[in-house]
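*Asks:* One structure coming up, written as structure tokens, with questions to follow.
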Amino acid sequence: MTVRLLLADDHPVVRAGLRAVLDTEPDFTVVAEAATAERAVELAAGGGVDVVLMDLQFGAGMHGSEATAAITARAGGPRVLVLTTYDSDADILAAVEAGASGYLLKDAPPEELAAAVRTAAAGQSALAPAVAHRLMDRMRTPAEALTKRELEVLQLVGEGLSNQQISKRLFLSQATVKSHLVHIFAKLGVDSRTAAVATATARRLIRR
């Protein structure tokens with residue numbers, strides 16, 4: 048059986064490199080490429096695709112996790128395998144909750160990428176070992192782990208947004224944002240926004 052692939056990445060060089068690697072596999076065919084997440088959703092909806100290799104960051108516009116959710120929400124749609132440089136808890140959780148069948152880092156060796164594509168095409172989960180390890184760590188210590196919403200809030204704090212700006216971005220009240228920050232500080236054992244960001248970045252909970 049031939050696995051039909053859609054490459055979704057905003058860097059032409061990355062797409063060309065992926066195509067070169069995947070074309071060496073006799074059972075893979077790259078049928079389309081997308082430079083934006085929006086275009087990836089359109090192409091996936093058109094049919095004829097089994098697995099989408101999805102980057103997370105596309106500059107302006109839709110995020111890769113949003114595109115993943117849109118693609119996987121359609122009955123009979125293709126599987127989505129996230130292929131990114133980011134391994135923060137915030138990115139991993141967003142992708143998994145969006146319905147991604149797998150999560151690989153771009154430095155994965157070609158044989159690992161090929162195996163992950165076949166695993167995703169078969170409807171199974173394909174997680175990079177480091178990603179699986181981080182998810183297992185979260186499951187072992189749920190009381191200490193930041194929730195997806197707390198990670199979203201902290202990521203925006205790290206990007207320099209105020210509580211008011213965060214409340215608008217996430218459609219939350221400012222009181223709710225403050226409540227999330229209180230929980231974040233307690234879980235991380237810190238007493239300031241700066242310390243929270245520094246600690247979370249060092250632990251790879253959020254993206255630098």
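Numbering (the working numbering), first residue to last: 48 to 255. Glycine included, each C-beta is placed from N, C-alpha and C at the ideal position. Here the structure is a predicted model, which is why all the values come from computation and not from measurement.
Does residue 101 come out as helix, strand or coil in the three-state DSSP assignment?
*Replies:* Looking at residue 101 - three-state DSSP - the assignment turns out to be strand.
*Asks:* Give the straight-line distance between the Cα atoms of residue 109 and residue 50, rounded to the nearest whole angstrom.
*Replies:* The straight-line gap from Cα to Cα measures roughly 26 Å.
*Asks:* CA-CA distance, residue 238 and residue 64?
*Replies:* Using only the alpha carbons, I get a separation of about 45 Å.
*Asks:* Take residue 172 as the anchor and find which of 144, 227, 114, 216 has the nearest alpha-carbon.
*Replies:* Of the listed residues, the one whose Cα sits closest to residue 172 is 144.
*Asks:* Pick helix, strand or coil for residue 218, following the three-state DSSP scheme.
*Replies:* If DSSP states are grouped into helix, strand and coil, residue 218 belongs with coil.
*Asks:* Within the continuous beta strand (DSSP E) that includes residue 205, where are the two ends?
*Replies:* Where residue 205 is concerned, there is no enclosing beta strand (DSSP E), although the alpha helix (DSSP H) it sits in stretches over 195-205.
*Asks:* Go ahead and pull the three-state DSSP assignment for residue 51.
*Replies:* Of the three classes helix, strand and coil, the one that applies to residue 51 here is strand, per DSSP.
*Asks:* Helix or strand or just coil, what does DSSP make of residue 126?
*Replies:* In the structure shown, residue 126 sits in a strand (DSSP, three-state: E or B).
*Asks:* Do residue 135 and residue 216 count as a contact pair if the criterion is CB distance below 7 Å?
*Replies:* Not in contact: residue 216 and residue 135 (Cβ atoms no closer than 7 Å).
*Asks:* List the whole-angstrom C-beta distance separating residue 151 from residue 175, where the pair is believed to meet the contact cut-off of C-beta under 8 Å.
*Replies:* With a Cβ gap of about 5 Å, residue 151 and residue 175 count as contacting.
*Asks:* In three-state DSSP terms, what is residue 149?
*Replies:* Correct three-state label for residue 149: strand.
*Asks:* Could you check how far apart the C-beta atoms of residue 55 and residue 102 are, in whole angstroms? I think they sit under 8 Å.
*Replies:* Indeed they touch by this definition, with Cβ atoms about 6 Å apart.
*Asks:* Report buried or exposed for residue 107, applying the criterion of at least 16 other Cβ atoms within 10 angstroms of its Cβ.
*Replies:* That one is exposed.
*Asks:* Take residue 204 and list the residues in its own chain whose beta-carbon comes closer than 8 Å to its own, dropping the five residues that flank it on each side.
*Replies:* Closer than 8 Å at Cβ, skipping near neighbours: 213, 228, 240, 243, 244.
*Asks:* Going straight from the alpha carbon of residue 130 to that of residue 219, what length do you get?
*Replies:* Residue 130 and residue 219: Cα-Cα distance of roughly 30 Å.
*Asks:* Cutting at 6 Å between CB atoms, please list the residues of its own chain near residue 82, excluding the five before and the five after it.
*Replies:* Only 57 meet the Cβ criterion.
*Asks:* Can you say whether residue 116 is buried or exposed, counting buried as having 16 or more other CB atoms within 10 angstroms of its CB?
*Replies:* Burial call: buried.
*Asks:* Residue 127 and residue 88 - do their beta-carbons sit closer together than 7 Å?
*Replies:* It is not a contact, given that the beta carbons lie outside the stated cut-off.
*Asks:* How is residue 120 classed by DSSP in three states: helix, strand or coil?
*Replies:* Looking at residue 120 - three-state DSSP - the assignment turns out to be coil, as it is neither helix nor strand.
*Asks:* Note the first and the last residue of the continuous alpha helix (DSSP H) segment covering residue 246.
*Replies:* Looking at the DSSP string, the run of the alpha helix (DSSP H) that includes residue 246 is 240-249.
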